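Some notes on the structure that comes next.
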Amino acid sequence: MSEAKRAYNLLRSFVNQEWERVKGFDMNEAWKELNENPAEAEARRAAPEAKQPDTTMDATELEATARTILNVTAKASYDEIRKSYEKVSNRVQPQNFDSGTEEARQAQELLRKATWAYQYLTKDMSPVQRRFRSLEIE
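Residue numbers (the working numbering): 513 to 650.
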């Protein structure tokens, strides 16, 4: 097997593993939605659409979701969050896969979710903090 084919297979396996992990989380959310009160569901559907689809969750649930997507703990530092995001985003770039394939679609969805999770977890940090966090002055 050529090295390129082997690398491609490794990327596919990573995407499939992450997809199954995130899909399991999505299934839990779907079951919660199915089990909720029909009157509440109807009222939520009648309300105008918000920008963020996850507005039905409170802030702690959103943070838990973001941490689950990036696979980081509640006490993870900014550097750990950034490294986890970079790991996921580097491996699930859709251009690494043949266009139109299921893996490319899954990679695109994983990248979208990872980007949302990173932005959500770092929303309270200023751009200056994010940019110069890793610099050390001697």
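For each residue, glycine too, the CB sits at the ideal point set by N, CA and C.
Predicted model only: the values in this text are computed from it and were never measured.
Pull up the distance between the alpha-carbon of residue i and that of residue j, whole angstroms please.
i	j	result
Met513	Arg624	32 angstroms
Ala578	Phe644	23 angstroms
Leu546	Gly612	31 angstroms
Val640	Ala586	23 angstroms
Glu598	Glu548	36 angstroms
Glu573	Leu633	12 angstroms
Lys517	Ala571	43 angstroms
Ile581	Val534	6 angstroms
Trp531	Ala519	18 angstroms
Phe609	Ala576	30 angstroms
Ala619	Thr627	12 angstroms
Val604	Gln529	11 angstroms
Asn584	Arg594	For the sequence presented, residue 584 should be read as Val rather than Asn. Spanning the two alpha carbons is a distance of roughly 10 angstroms.
Pro550	Gly536	24 angstroms
Pro606	Gln631	20 angstroms
Glu615	Val527	7 angstroms
Ser638	Asp591	14 angstroms
Where does the unbroken alpha helix (DSSP H) through residue i begin, and where does it stop?
i	result
Ala586	Ala586 -> no alpha helix (DSSP H), and no H or E assigned at all.
Thr627	614-633
Where does residue i land, buried or exposed, given buried means 16+ other C-beta within 10 angstroms?
i	result
Ala522	In the sequence as presented, Ala is not what sits at residue 522; that position holds Leu. So Leu522 counts as exposed.
Ala562	Because Ala562 sits at a pLDDT of 38, beneath the cut-off of 50, its placement in the model cannot be relied upon, and the following sentence gives the value as read from the coordinates. With fewer than 16 other Cβ atoms within 10 Å, it is exposed.
Ser525	exposed
Ala629	buried
Ser596	buried
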